Each structure stands twice: as structure tokens, then as C-alpha cells.
Amino acid sequence: MASILVADDDEDLCALVSLVLSERGHRVRTVPDGLAAVDALRSTPFDLVVLDVAMPGLDAFGVLQSLEVDPQVGTPRVALLTAHHGRAVRRRAERFGVPVLAKPFDVDLLADELDSLLARPAGVPLEAPGVPDADD
208 MASILVADDD
218 EDLCALVSLV
228 LSERGHRVRT
238 VPDGLAAVDA
248 LRSTPFDLVV
258 LDVAMPGLDA
268 FGVLQSLEVD
278 PQVGTPRVAL
288 LTAHHGRAVR
298 RRAERFGVPV
308 LAKPFDVDLL
318 ADELDSLLAR
328 PAGVPLEAPG
338 VPDADD
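Numbering-wise, my numbering comes out as the position in the sequence shown, counting from 1, plus 207.
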């Protein structure tokens with residue numbers, strides 16, 4: 208199965224997502240922030256990276272910028288997780304071609320979304336799945 212990196216400063220959320228994805232046969236590594244995510248990406252190839260938008264140190268968009276300019280990190284598929292999924296976040300995510308997945312979430316539905324993302328070719332920008340617009 209796939210190798211997945213989950214970056215979120217919420218340890219409980221990381222543990223839950225890791226458990227569900229591991230049960231589906233994926234290899235999961237968790238890190239607590241964006242800087243640790245970039246370090247992990249430089250040392251290990253991942254098929255999918257799941258990033259919390261708001262992390263201490265380096266946020267998800269900083270990690271995405273690192274992915275664009277650092278050939279060491281390759282071109283993994285990426286999904287963003289956030290409790291703040293209004294228009295501004297979605298517009299920024301669209302510029303990088305990555306989907307925004309809303310918190311809170313049903314873990315099985317999240318795993319289904321991530322499995323669907325893994326079924327797509329790596330390095331190809333995606334249209335974000337429908338996320339309720341908190342600004343509407």
C-alpha cells in the first residue's frame with residue numbers, strides 16, 4: 208500500500224488518522240509541524256502528505272512552497288486538513304492544486320477521500336472536493 212505522512216500539531220488527531228490508515232494497509236508516519244514535515248519529506252519518499260493548514264513554525268502553505276522549490280522532496284500527492292476552510296484557504300489551496308478536507312471529519316470518509324486521492328497520478332494538480340463554504 209501507500210506511504211503517508213500526516214503533519215498536524217494535534218497528537219490525538221495524528222494517532223486517530225494513523226490508526227485508520229494503518230488498518231487499511233498504509234504505512235503512516237506522523238509529525239507535529241511543518242518543519243518536521245519538510246525534514247521527513249527530504250529523507251523519505253511519501254505517496255501522500257496530509258497537512259494541517261495551521262501548524263506552529265511552518266504552516267501547510269509553507270510546506271507546499273517547499274515542495275515546489277526543493278527537488279529532494281519529489282512530487283507526492285497532498286491534501287490539506289483544516290477547521291478553517293473558508294474561501295481564503297480554499298483559494299490558496301487551489302493555487303497549489305490540492306484539496307481541502309474539513310475538520311471535524313468522519314474518519315472512514317476521510318480515509319475514503321485519501322484512498323481516492325492515492326488512486327490518482329502523483330504530481331498532477333487536483334480539483335478540491337466539495338467543502339462546505341463557511342463564508343456563504
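C-beta atoms are modelled at their ideal positions from N, C-alpha and C, and glycine is treated no differently.
Just so we're clear, the structure is a prediction, and the values are computed from it rather than from any experiment.
With a threshold of 6 Å on Cβ separation, who are the neighbours of PRO339 within its own chain once the five nearest residues in sequence on each side are excluded? For the purposes of this step, residue 339 is taken as the residue at position 132 of the sequence shown. Only weak support is given to the placement of PRO339: the predicted model assigns it a pLDDT of 43, under 50, and the value that follows is read from those uncertain coordinates. So the list is empty, once near-sequence residues are dropped.
First and last residue of the alpha helix (DSSP H) that includes VAL257? Counting from one through the sequence shown, the residue named residue 257 turns up at place 50. VAL257 -> not in any alpha helix (DSSP H); beta strand (DSSP E) instead, spanning 255–259.
Leaving out five residues before and five after ASP342 in sequence, what residues of the same chain have Cβ atoms less than 6 Å from its Cβ? Working through the sequence shown from its first residue, we reach residue 342 at position 135. Note that ASP342 has pLDDT 44, beneath the 50 cutoff, so the model's placement of it is unreliable and the number below is only indicative. Closer than 6 Å at the Cβ level, and outside the excluded window around ASP342, lie GLY293, ARG294.
Inter-residue Cα distance where the pair is ASP246 and VAL296: If you number the sequence shown from 1, residue 246 lands on position 39. If you number the sequence shown from 1, residue 296 lands on position 89. Going by the C-alpha atoms only, they are around 24 Å apart.
Using DSSP bridges, identify the partner residues of ARG284. Looking up residue 284 in the sequence shown gives position 77. In DSSP, ARG284 forms a bridge with LEU255.
Taking three-plus beta-carbon pairs below 8 Å as touching, is the region 276–283 in contact with the region 298–307? no
Which value, in whole angstroms, describes the spacing of the CA atoms of ALA243 and ALA214? The residue you call residue 243 lines up with position 36 of the sequence shown. The residue you call residue 214 lines up with position 7 of the sequence shown. About 8 Å.
Under the three-state DSSP convention, the category VAL224 falls into: As a working mapping, residue 224 is identified with position 17 in the sequence shown. The answer is helix: DSSP assigns VAL224 an H, G or I state.
How long is the line joining the alpha carbons of PRO336 and ASP266, rounded to whole angstroms? Sequence index remark: in the sequence shown, residue 336 carries index 129 (1-based). Sequence index remark: in the sequence shown, residue 266 carries index 59 (1-based). Confidence in PRO336 is poor, its pLDDT being 44 and thus under 50, which makes the residue's placement unreliable; the coordinate value appears in the next sentence. Whole-angstrom Cα-Cα distance: 21 Å.
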